[in-house]
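Protein chains in written order, with this note's numbering: chain A, 15 to 85; chain B, 15 to 85. In what follows, a single structure is set out as structure tokens and then discussed.
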């Protein structure tokens, strides 16, 4: 399963917590996630496409861009 | 037009900015908004119902509850 990496403008634990909650709503579709608040990156191991994940992340209202796929 | 007030767990300007962006996506449906980061409240003058606005705010992944209607 691919790991998609995104840049997400997070500046506090409230921001990263919001991202985490939004991704957890996806349930089984997300196998694993790593949220790096300092580095402002989110890695998501998921069966969803990068476009689908980007749309979910953008729902948070945070500026988000796709970095790339790790696998 | 009614003003609906919500409690939104915002802890930094990144949080409040995210809330602002999500509400701005609603366009004409939101006539005015006041976001109080310190008080963790959001007032929205809108033709949308409180339930509809709550659903939009929850998309941010932040904990949100409805306080009440001012008009």
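All residues carry an ideal CB built from backbone N, CA and C; glycine is no exception.
- At a cut-off of 8 Å between C-beta atoms, residue 43/B does not count as an interface residue with respect to chain A.
- At a cut-off of 8 Å between C-beta atoms, residue 36/A counts as an interface residue with respect to chain B.
- Segment contact: the segment 16 to 31 of chain A against the segment 46 to 60 of chain A, three or more CB-CB distances shorter than 8 Å; contact assigned.
- Within chain A, the C-beta atoms nearer than 8 Å to that of residue 23/B come from 28, in chain order.
- A direct Cα-Cα distance of roughly 32 Å separates residue 46/A from residue 80/B.
- Within chain A, the residues placing a beta-carbon under 8 Å from that of residue 32/B are 29, 32, 74, 75 and 76, ordered along the chain.
- A direct Cα-Cα distance of roughly 12 Å separates residue 31/B from residue 56/B.
- Taking a 10 Å sphere around the C-beta of residue 73/A, we find 16 or more other C-beta atoms and assign the residue as buried.
- Within the same chain, and ignoring the five residues on either side of residue 37/B in sequence, the residues whose Cβ sits closer than 6 Å to its Cβ are 44 and 47.
- Rounded to the nearest angstrom, the gap between the Cα atoms of residue 78/B and residue 68/B is 7 Å.
- Within a 10 Å sphere around the beta-carbon of residue 41/B sit fewer than 16 other beta-carbons, which makes this residue exposed.
- For residue 83/A, the enclosing beta strand (DSSP E) starts and ends at 78 to 83.
- Within its own chain, the residues whose Cβ lies closer than 8 Å to the Cβ of residue 83/A, once the five positions on either side in sequence are excluded, are 16, 17, 18, 19 and 64, listed in chain order.
- Comparing alpha-carbon positions, the option among 54/B, 50/B and 27/B lying closest to residue 24/A turns out to be 27/B.
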